[in-house]
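Single-structure report; data block below.
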Amino acid sequence: MVDSRCGTLCRECHYREQAGCQGCVKIEKPFWGESCPVKACCEAKSQEHCGQCETFPCGLLKQFAYDEKQGDNGKRIEQCRCWKEG
Ligand code: SF4
Ligand code: SF4
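Residue numbers (the numbering used here): 13 to 98.
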């Protein structure tokens, strides 16, 4: 199930219960801020997730995925690949 634009698995995220987040596919803006540039970019291209993008994985997505504090060492990029291969 595709539950985020960037490949984060929302069902494994502790904010789901903590912040009552339903996942960025279902909500208009992320609970953690006004907007997410990855979500905005992906939705502007009418894509379900970043794996469908012709520039996947782009610099912005990599920046998010490999961020020292918030990143997941590229796990979400791999997840997008899985979704793409279906
Ligand atoms: S980082 Fe952005 S695209 Fe990824 S789950 Fe959060 S809101 Fe969605
Ligand atoms: S891979 Fe990058 S350019 Fe493509 S939709 Fe995602 S954030 Fe946007």
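Even glycine gets a Cβ: it sits at the ideal position worked out from N, Cα and C.
Cβ-heavy atom distance between proline 42 and ligand 1 below 7 angstroms?
-> yes
When we look at the beta-carbon of arginine 23 and count the other beta-carbons within 10 Å, is it buried (16 or more) or exposed?
-> exposed
Cα-Cα separation between cysteine 54 and cysteine 65, rounded to whole angstroms = 8 angstroms
Which word fits histidine 26, buried or exposed, when buried means at least 16 other C-beta atoms lie within 10 angstroms of its C-beta?
-> exposed
Would you say alanine 77 and arginine 93 are within 8 angstroms of each other, going by their C-beta atoms?
-> no
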